[in-house]
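K.L.:
Next up is a structure, given as structure tokens.
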Amino acid sequence: MKLRHLLSIVCGGLWLIMSLPLQAALTIQITEGVVGAMPIAIVPFDNSTLKSPLPYNLSDIITTDLGRSGRFAPMPEQDLIARPHDGSAVRFADWRLLNMESLVVGRLRELGGARYEVQFQLFDVFKGEQLAGYSIAFAADDVRRTAHRISDLIYEKLTGQRGAFSTRIAYITAIKAADKSREYRLSIADADGFNEQVILDSKQPLMSPSWSPDGEKLVYVTFESGRPEIFVQEVFSGERRRITDFPGLNNAPVWSPDGRYLAMTLSKTGNPEVHTYNLQTGALSQVTRHPGIDTEPNWSPDGRKLVFTSDRGGRPQLYMVNMSGANKSGQPQRLTFEGEYNSRGTFSPDGQRLAMVHGQQGAFRIAVLELASRNLQVLTDSRLDESPSFAPNGSMIIYATESQNRGVLAAVSVDGRVHQRLELQQGDVREPAWSPFSTQ
Amino acid sequence: MKTLSRLSIVLLPVMLFAGCESLGTQEGATVEDRGTIAEGAEGAEGAQARGARAGTAFEGHPLEDPASLLSQRVIYFDFDSASIRAADRPVLQAHAEYLAGHGAATVSLEGHTDERGSREYNIALGERRAKAVRQLLLFQGASPVQLETVSFGEERPLADGHDESAWQQNRRVEINYKTR
Amino acid sequence: MFRVIRNNLVPILIALAVHAVLFLMLFIGFDWTPKPATLQNQPNVVKATAVDAGKVKAELDRLKQAERQKQQQEAARIDKLKQQEREMQQRRAAEEKNLAELKKKRAAEERRQQQEQQRLQKIKEEKAALEQKRLAEQKLLAELERKRKVEQAEAKKIAEAKKAAEAKKAAEAKKAEEEARRKAAEAKRREDERRQALMAQLDAEETERAEAAAQGEIDKSLALIRQKVTRHWLKPAGVPKGLACTVRVHIIPGGDVVGVTIIKSSGNAVFDRSVESAVRKAAPLPLPADPAVAARMREIDFEFIPEA
């Protein structure tokens, strides 16, 4: 009797549970997804009210910027199914059918006195929601910069990371004249290669430009006296001063993250050694002490480590030494063991990776070493790649390579998925240095 | 540490010699493939003879005698190496002897590399090559005041190509007489 | 008493001194009183010598003269003594008078002091009496108060006891009522349960079969939905590792997604948005053909937990 009673209760309970409405009792776990670029449609901004067209098309620049980052797959202009210019005219269902996740629309307006205003909106197509809306006034000769700013805003909204489209690059160009003499130029340009400005030219080699943390100065090596010397130059005024001209090497200068020191290679002691140089006092501190070659120092973003190239092990490899201000603390530790040749290490902005020149079986490529896991990933596949430099948001690495007997600049996303080439004018282009985020 | 580096300065020429000997024999077979280097290697034996002949037959300045070893002003290297090949030893000996006999003569030793690898490492490598040549010249009688070194790394290639034939011409030390 | 003495110390001392002097003088006076000059009263020793008449006579005369003189002197001395005696008596009388007066004065003083003391004693006694009276009154008051309190407490106790009794009675009544109700409800519940169990038993087979079929349909559908959403989830690059997000998705017949609610955010807006987009992009979600089964899939939770 008792048992039967219990049984009936249990059965009744089960029945109750099973007959309950399935209120979100269904759960699906999604552990995989696809990796790829986010589809986005950028509708050309309405410029029908402008009396004369602008020198550049804003939406074209934005489309190119976002596409070049590798994070977005902008819809080709000819495929656009509609050309709305503000939110009220957008039919989200149409864009959903095309699987466009985001949509940018906008219009231009003349303000008078060669000034304009652009109004644009960014939409989440599937939610049918506006994610951002801005209105920016600009001058006619600021079209490119304004477009890059809009690209930065869209990029940050959709990826959560700061955009680096408004930054610049410094690089060296060597131009060979008919008489076989060479001309060397130090130039800066927008991150997309436009707006090139030559800030120094010389009949003798120029090398190793490196930005100050505030983006207002460059330090570089010049052979204009016939020997290497280190100079610092103000980017805007062109004013410059010599930092060192010791006997032997004065090379590979880089700024410390706090802007107070330079790290550099000097061979005044008879052998290339990494030193730090106090920009205020001129005091030197020797960091390495080894009969091998020690060069190409690079500071970690927190200023507490210095990576450098050394052949103390027989072949060039990367080593790391802890720093306390301008002085080393502790002994260098070898970082790279894969490949015959690893050099020119450079820290990512978050300090978690090192990009480098990685030589294996006669090919020199750009590789990234994840410091925590010691995983090395080779990002490029040509054979003469060098001088990697991280974008300040860490998303891309710009580097120098060779293409059709010319030195050119190329960029690769840190995951190696996206490759871009920067088309720059004439001559051999080399040693790109990506600027910090703009302070202006 | 200091004594070690002093010791290495003293020992370096000796070690370089030792290295050259082994390199010379080791690379004997491959020398044939290397156009310009093969000539240098051939000259190893004929050096003395040609030098002697130059003294009698050539009327101009010894540095301008095309038959003299002194006309060879470029020393070539292997990739990522600063070892002087056996073939170049007589050339450097000739220059060392000339410098020893002409106290007022001064040379600039310009180190260069090919374009592979990173530029700043190559600058250091070019300096190492120039210093290797300097050490040998000093060891064979030149005076330190006659010699200065500078490295241009890969910045001033002789040949513009991007293959081994261009690279081997670019891995070099140039001996440039500033005064005779 | 001492205060009296202290207060009148000087007069007392003077009085004592005077007495002392007087007594002294009394005794010394006796000493000073010239004693009858017994030596002078003693007749001279005369030598009985035979002398001539004339000479005797002259001698007699001289003797007689001398005797006279002597008598005179004696009389004068007695007078004088008498005089002195008188003076002495007078003086003594005065002394005694003085003494008597002093005695009288002292007696008066003592009397006065005695009176004073008596007065003080009286005041003291009066004070003590007053104090006693006050204490007695106080005691009376305290006693009255105590009595009042006791009365009050008793009154309260009585009231409380009365109240408690009333409450207890009410509670008991209520409990009894509730118990009755509970028992009735319990009986009803048991009856219901029994009925339900019976129904369950009757329907068990049928329900089980239908449920198994429906569950199969649902599982198939869930797998298809999982695949479709996975295909549409564009994992955002560059976001921190280890993010996870759960969304509750509302589905209408036909599989269209009408609502996506984030019920557990990853904390990263870009990641959350990628999750929402994935679900919306995957619409329409493949649902079972049987509308009744499909209706059980109106709400699905999607947990986006990327591996590595």
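Chains as they are written, first to last, in numbering that gives the first Met the number 0: chain A, 0 to 439; chain B, 0 to 179; chain C, 0 to 307.
Note that CB positions come from ideal geometry on N, CA and C, so glycine has one too.
With a cut-off of 8 Å, does the C-beta of residue 276 of chain C fall near any C-beta of chain A?
P.N.:
Cβ-Cβ to chain A under 8 Å: yes for residue 276 of chain C.
K.L.:
Apply the 10 Å Cβ neighbour rule to residue 312 of chain A and answer buried if 16 or more other Cβ atoms are within range, or exposed otherwise.
P.N.:
With fewer than 16 other Cβ atoms within 10 Å, it is exposed.
K.L.:
Which residue spans inside the segment 120 to 164 of chain A form an unbroken beta strand (DSSP E) run of at least 3?
P.N.:
Runs of the beta strand (DSSP E) inside the segment 120 to 164 of chain A: 128 to 138.
K.L.:
Return the chain-ordered list of same chain residues with a C-beta closer than 8 Å to the C-beta of residue 332 of chain A, the five sequence neighbours on each side being excluded.
P.N.:
Result list for residue 332 of chain A: 318, 319, 320, in chain order.
K.L.:
Report the option in A/278, A/298, A/279, A/271 whose CA atom is closest to the CA atom of residue 285 of chain A.
P.N.:
Measuring from the Cα of residue 285 of chain A, the nearest candidate turns out to be A/271.
K.L.:
What do you get for residue 167 of chain A, buried or exposed, if any count of 16 or more other CB atoms within 10 angstroms of its CB means buried?
P.N.:
Classification of residue 167 of chain A: buried, given that the 10 Å Cβ count is 16 or more.
K.L.:
Can a CB atom of chain C be found closer than 8 Å to the CB of residue 17 of chain A?
P.N.:
Low confidence applies here, because residue 17 of chain A scores a pLDDT of 47, under 50, leaving its location unreliable; read the following figure in that light. Interface residue, yes.
K.L.:
To be precise: take each residue of the segment 111 to 124 of chain B, compare its Cβ to all Cβ atoms of chain A, and keep it if any distance is under 8 Å. Which residues remain?
P.N.:
Listed by position along the chain: 114, 115, 116, 117, 118, 119, 120, 122, 123, 124.
K.L.:
Closer than 9 Å by beta-carbon distance: list the chain B residues that pair up with residue 58 of chain A, in chain order.
P.N.:
Simply none; closest approach about 39 Å.
K.L.:
List the residues of chain C whose Cβ lies closer than 8 Å to the Cβ of residue 67 of chain A, in chain order.
P.N.:
Ordered by position in chain C, no residue passes the 8 Å Cβ test against residue 67 of chain A, which lies about 15 Å from the chain.
K.L.:
Could you tell me the distance, in whole angstroms, from the CA atom of residue 26 of chain B to the CA atom of residue 80 of chain B?
P.N.:
With a pLDDT of 34 at residue 26 of chain B, under the threshold of 50, the modelled position of this residue cannot be trusted, and the question is left open.
K.L.:
For residue 257 of chain C, return the contacting residues in chain A, with the cut-off set at a CB-CB distance below 7 Å.
P.N.:
Those do not exist, as residue 257 of chain C stays about 12 Å from chain A at its closest Cβ, beyond 7 Å.
K.L.:
Within 8 Å (strictly less), CB to CB, does residue 299 of chain C reach chain D?
P.N.:
As a matter of chain content, chain D is missing from the structure shown, whose protein chains are A, B and C.
K.L.:
Between the Cα of residue 264 of chain C and those of C/205, C/249, C/245, C/280, spot the shortest distance and give me the residue it belongs to.
P.N.:
Considering only alpha carbons, the answer is C/245.
K.L.:
Is residue 276 of chain A close to chain B? Criterion is C-beta to C-beta, closer than 8 Å.
P.N.:
No - not a single Cβ of chain B is within 8 Å of the one on residue 276 of chain A.
K.L.:
Could you give the residue range of the beta strand (DSSP E) that holds residue 182 of chain A?
P.N.:
Element bounds for residue 182 of chain A: 181 to 189.
K.L.:
Based on the DSSP secondary-structure assignment, which residues constitute the bridge partners of residue 147 of chain B?
P.N.:
Answer is B/107.
K.L.:
Just checking, does the segment 97 to 111 of chain B make contact with the segment 136 to 147 of chain B on the three C-beta pairs under 8 Å criterion?
P.N.:
As far as the Cβ criterion goes, the segment 97 to 111 of chain B touches the segment 136 to 147 of chain B, which means the pair count is three or higher.
K.L.:
Which word fits residue 121 of chain B, buried or exposed, when buried means at least 16 other C-beta atoms lie within 10 angstroms of its C-beta?
P.N.:
Buried is the call here.
K.L.:
Kindly indicate the opening and closing residues of the beta strand (DSSP E) around residue 264 of chain A.
P.N.:
Here the beta strand (DSSP E) through residue 264 of chain A covers 260 to 265.
K.L.:
Mind checking residue 404 of chain A: buried by the 16 CB within 10 Å criterion, or exposed?
P.N.:
Result: exposed.
K.L.:
Specify, as a first and last residue, the run of the beta strand (DSSP E) that residue 427 of chain A falls within.
P.N.:
It spans 427 to 433 - the beta strand (DSSP E) in which residue 427 of chain A sits, taken as one unbroken run.
K.L.:
Taking CB distances under 8 Å as the criterion, tell me whether residue 352 of chain A reaches chain C.
P.N.:
By this cut-off, residue 352 of chain A is not an interface position.
K.L.:
Can you give the Cα-Cα distance for residue 303 of chain C and residue 237 of chain C, rounded to whole angstroms?
P.N.:
Their backbone Cα atoms lie some 17 Å apart in a straight line.
K.L.:
Would residue 314 of chain A and residue 340 of chain A qualify as a contact pair, given that the criterion is a beta-carbon distance under 8 Å?
P.N.:
Yes. Within cutoff.
K.L.:
Compare the Cα-Cα distances from residue 172 of chain A to each of A/34, A/231, A/322, A/203 and report the closest residue.
P.N.:
It is A/203.
K.L.:
Beta-carbon within less than 7 Å of residue 419 of chain A's beta-carbon, same chain only, minus the 5 sequence neighbours each way: which residues are those?
P.N.:
Excluding residues within five positions, the ones whose Cβ falls inside 7 Å are 67, 409, 410.
K.L.:
Examine chain C for any beta-carbon lying closer than 8 Å to the beta-carbon of residue 0 of chain A, and answer yes or no.
P.N.:
Bear in mind that a pLDDT of 49 at residue 0 of chain A, under 50, signals an unreliable position, so the model cannot answer this.
K.L.:
Determine, using beta carbons only, whether residue 190 of chain C comes closer than 8 Å to chain A.
P.N.:
No, residue 190 of chain C lies away from the interface with chain A (no Cβ there is under 8 Å from its Cβ).
K.L.:
Is the beta carbon of residue 232 of chain A less than 8 Å from the beta carbon of residue 217 of chain A?
P.N.:
Cβ distance < 8 Å, so residue 232 of chain A and residue 217 of chain A count as in contact.
K.L.:
Could you give the distance in angstroms between the alpha-carbon of residue 18 of chain C and the alpha-carbon of residue 113 of chain C?
P.N.:
Cα to Cα, residue 18 of chain C sits roughly 23 Å from residue 113 of chain C.
K.L.:
Closest Cβ-Cβ distance between residue 241 of chain C and chain A: below 8 Å?
P.N.:
Answer no: the Cβ-Cβ gap between residue 241 of chain C and chain A never drops below 8 Å.
K.L.:
Along the chain, which unbroken stretches of the beta strand (DSSP E) at least 3 residues long are found entirely within the segment 26 to 67 of chain A?
P.N.:
Taking only runs of at least 3 residues, the beta strand (DSSP E) segments lying wholly in the segment 26 to 67 of chain A are 37 to 41.
K.L.:
Roughly how many angstroms lie between the CA atoms of residue 192 of chain A and residue 400 of chain A, to the nearest whole one?
P.N.:
Answer to the nearest angstrom: the Cα atoms are 15 Å apart.
K.L.:
Taking C-alpha atoms, which residue in B/94, B/78, B/83 lies nearest to residue 70 of chain B?
P.N.:
For residue 70 of chain B, the nearest C-alpha among the options comes from B/94.
K.L.:
In terms of alpha-carbon separation, which member of A/287, A/432, A/148 lies closest to residue 325 of chain A?
P.N.:
Of the listed residues, the one whose Cα sits closest to residue 325 of chain A is A/287.
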